[in-house]
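Trainee:
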Amino acid sequence: MFEKNLKNRMKEAKLTAAELSRRTGISKAAISQYLSGINRPCGKRIDKLAEALGCTVMDLVNDMSEPAASPTCCQPGRMVGVWNPQVLTTQQAAKLMHKSVKFVQQGLQEGVFPFGYAVKTSGQWSYFISAVKFTECTGIPV
12 MFEKNLKNRM KEAKLTAAEL SRRTGISKAA ISQYLSGINR PCGKRIDKLA
62 EALGCTVMDL VNDMSEPAAS PTCCQPGRMV GVWNPQVLTT QQAAKLMHKS
112 VKFVQQGLQE GVFPFGYAVK TSGQWSYFIS AVKFTECTGI PV
């Protein structure tokens, strides 16, 4: 998902990995690993990539194959709007896992949980959890 979005945004911006590396200060090797799906960047690097590509962080991390929530208002750290069964909040995931919200948020921030993302922008964390990937990874039905 991330690698496809990154490839598409690079193509739209007509940027090579070398040029993206120069603009972001991220090594060409790291960008190559992002493009191949071997590694995923941390939140700070996603911010740099989005800025260099002239897009938003969500353009890079959203799974376009799954409909996203339709927010009426975005607030730091959470999305408010129409509930979407394809997207879980950190509160919903924590309840399903019988863990604390902080545990889920920390796991997303550290990239430990492959079912979602945490992105820090302007000092605030935002979270995205795919319900489909959550069930695939944890075995817990949503």
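The numbering of the sequence shown is my numbering, which starts it at 12 and goes up by one.
Glycine included, every Cβ here is placed at the ideal spot set by N, Cα and C.
All of these numbers come straight from a predicted model, not from anything done at the bench.
(1) State the Cα-Cα distance for the pair Gln-116 and Phe-126, rounded to the nearest angstrom.
(2) Would you give the residue range spanned by the beta strand (DSSP E) that Gln-132 belongs to?
(3) Would Trp-94 be called buried (16 or more neighbouring beta carbons within 10 Å of its own) or exposed?
(4) Would you call the segment 103-114 and the segment 144-152 in contact, with 3 or more CB pairs under 8 Å?
(5) Taking the alpha carbon of Met-12 as the point to measure from, which residue in Asp-58, Gly-134, Tyr-128, Ala-104 has its own alpha carbon closest?
(6) Arg-51 and Ile-37 - do their beta-carbons sit closer together than 8 Å?
(7) Taking buried to mean at least 16 other C-beta atoms within 10 Å of its own C-beta, is Ala-29 buried or exposed?
Mentor: Looking at the coordinates:
(1) Going by the C-alpha atoms only, they are around 12 Å apart.
(2) The residue asked about is misnamed: residue 132 is Thr in this sequence, not Gln. Its beta strand (DSSP E) spans residues 127-132.
(3) In this predicted model, Trp-94 has a pLDDT of only 43, less than 50, meaning its place in the structure is not dependable; the value taken from the coordinates is given anyway. Trp-94 is classed as exposed because its beta carbon has fewer than 16 other beta carbons within 10 Å across all chains shown.
(4) With the cut-off at 8 Å, the segment 103-114 and the segment 144-152 touch.
(5) Of the listed residues, the one whose Cα sits closest to Met-12 is Tyr-128.
(6) No, these two residues do not count as a Cβ contact at 8 Å.
(7) So Ala-29 counts as exposed.
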